[in-house]
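Start counting at 1 in the sequence shown, then tack on 281, and there's your number in the working numbering. Positions of the beta carbon are idealized from the N, C-alpha and C atoms, including for glycine. This report concerns only the one structure given below.
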Amino acid sequence: MNETSAVKISFDVKKLPFYSVCHKNGRKTLEIQAFDGILTLSVQYDFERLPLSLSGEIEEGDKVEALLFTHRIELYINGILQDEEWPAGKMLFKSGDKFTFCEGIKVCEYKEKEADLPSVISSFENAEGWYPGNGVFVGDCMPYRKDGEYHVLYLKDRHHHRSKWGLGAHQWEHISTKDFKKWNIHPMAVPITDPSEGSICTGSWIRSDNKEYLYYTVRRGKGEPATICRSISLDGYHFTKDTDFGFTVSEKYHAASARDPKVISGEDGAFHMFLTTSLLSEGKGCLAHYISLDMESWSECESPIYIAPDGAQPECPDYFKYNGKYYLIFSLHGRAHYMFSDKPFKDFVMPENPIIPCASVPKGAFWDNRIIFIGFKGIGGYAGSMTFMAARSSDSGELIFEEL
């Protein structure tokens, strides 16, 4: 097992209100305050002037623990995780620093052993309207059909995209079902493991040579280009980041906003990738098109597979063949649109009503001769609960939507 180290801060709340602070070189580095039933712990980093803050409900007699890792920080009250955040840069607070008003506060080093998790951690019933709770919501969903199971990867969201100074700090969670009644919860597929990772953005799952590949981009922030990355698994439940792989889009595209890679195996024997970005010369959103023969080296196609009518970027692309037609899916302003064609990768036609009625940024996977789309319904902002919609196709290729 691997070990990761953290600074551990612990104390008992003997009396409310409570306040303690640490200063260094004339600058506040860590602050703890509790009043009106809410405890807030704020930690300062050199990445941004505003601190990262954790909060939770508090009463006199409660036990508080905060774990400050390099890539995440966590707040526990009475042993229950209340809040978490994901830092960037260097933490200004050090374990040897002194607090003022520090009665009962203990600071020490903490080592966490990373356990080998089973493929199924727990289960629940009925995913329609579901979200994890305890401050965690469902963001963009990515379905995938594998071995008689419908898998859903989704963006774990805290603070409605405001985590990590607005970068999002999303990570990929993983659930699956065999009957759309009982759902299994699997280990986190793609966690944030490095402070430089601002957010693990939406992507796709593809199988090749008996390996499972997850493709995604990592948002860095500060205008840095987003890197197309991937993780690999042999069993489809435990994924490892491929640190030897990565590339960014060319200068003709807006590299910082590149995201949501959809990777498919084409009938031409090549692998194709579609990426959300903007075509700088035209000032329009688009889906850049990349191609590879081995999924290692990717070449940029001359033209995007789709160019939006304005500056709106077509998000969360999807692509599949269904009943002899080729479908291209993307979302504009959160509403999913579809186009179809008789040919792969070109000559797409948008129907009179192109909207997929499945809440925000849905994507689809096949089940019982239907396409099952999954999206999310927002609760108080970005991210919320899961929602589903089934679809069949008419003879003309237009989609007919129906309840799951």
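Classification of residue i by the beta-carbon crowding that lies within 10 angstroms, buried from 16 upward
i           : result
residue 500 : buried
residue 337 : buried
residue 590 : exposed
residue 485 : buried
residue 300 : exposed
residue 298 : exposed
residue 432 : buried
residue 396 : exposed
residue 316 : exposed
residue 382 : exposed
residue 361 : exposed
residue 512 : buried
residue 525 : exposed
residue 774 : Past the edges of the chain, shown from 282 to 685, lies residue 774, and the structure says nothing about it.
residue 456 : buried
residue 348 : buried
residue 312 : buried
Residue i versus residue j: straight-line alpha-carbon distance, rounded
i           : j           : result
residue 345 : residue 294 : 7 angstroms
residue 375 : residue 288 : 8 angstroms
residue 388 : residue 378 : 9 angstroms
residue 475 : residue 632 : 44 angstroms
residue 533 : residue 587 : 15 angstroms
residue 480 : residue 498 : 8 angstroms
residue 673 : residue 310 : 57 angstroms
residue 282 : residue 594 : Its pLDDT being 49, under 50, residue 282 is placed unreliably by the model, and nothing is read from it.
residue 679 : residue 618 : 12 angstroms
residue 440 : residue 523 : 29 angstroms
residue 386 : residue 290 : 7 angstroms
residue 472 : residue 650 : 33 angstroms
residue 642 : residue 613 : 8 angstroms
residue 636 : residue 409 : 20 angstroms
residue 539 : residue 448 : 14 angstroms
residue 458 : residue 438 : 22 angstroms
residue 350 : residue 372 : 9 angstroms
residue 319 : residue 605 : 58 angstroms
residue 548 : residue 496 : 20 angstroms
residue 478 : residue 502 : 9 angstroms
residue 644 : residue 303 : 47 angstroms
residue 464 : residue 677 : 35 angstroms
Sub-8 angstroms separation of residue i and residue j beta-carbons
i           : j           : result
residue 560 : residue 542 : no
residue 537 : residue 566 : no
residue 581 : residue 531 : yes
residue 600 : residue 442 : no
residue 308 : residue 646 : no
residue 598 : residue 557 : yes
residue 453 : residue 528 : no
residue 393 : residue 285 : yes
residue 446 : residue 574 : no
residue 335 : residue 356 : yes
residue 657 : residue 640 : yes
residue 554 : residue 489 : no
DSSP-derived helix/strand/coil call for residue i
i           : result
residue 578 : coil
residue 536 : helix
residue 544 : strand
residue 677 : coil
residue 519 : coil
residue 561 : coil
residue 478 : coil
residue 396 : coil
residue 513 : strand
residue 383 : coil
residue 530 : coil
residue 465 : strand
residue 453 : strand
residue 325 : strand
residue 403 : strand
residue 618 : strand
residue 569 : strand
residue 282 : Interpretation of residue 282 is limited by its pLDDT of 49, a score under 50 that renders its predicted location unreliable; the figure taken from the coordinates is listed afterwards. Note: residue 282 maps to coil in three-state DSSP.
residue 427 : strand
residue 594 : coil
residue 549 : coil
residue 371 : coil
residue 304 : strand
residue 391 : strand
residue 443 : coil
residue 660 : coil
residue 500 : strand
residue 586 : coil
Taking one C-beta from the region 412–431 and one from the region 316–336 each time, how about it: are there three or more such pairs within less than 8 angstroms?
Touching, no.
Between the region 458–468 and the region 389–403, do at least 3 Cβ pairs fall closer than 8 angstroms?
The answer is yes - the region 389–403 touches the region 458–468, with three or more Cβ pairs under 8 angstroms.
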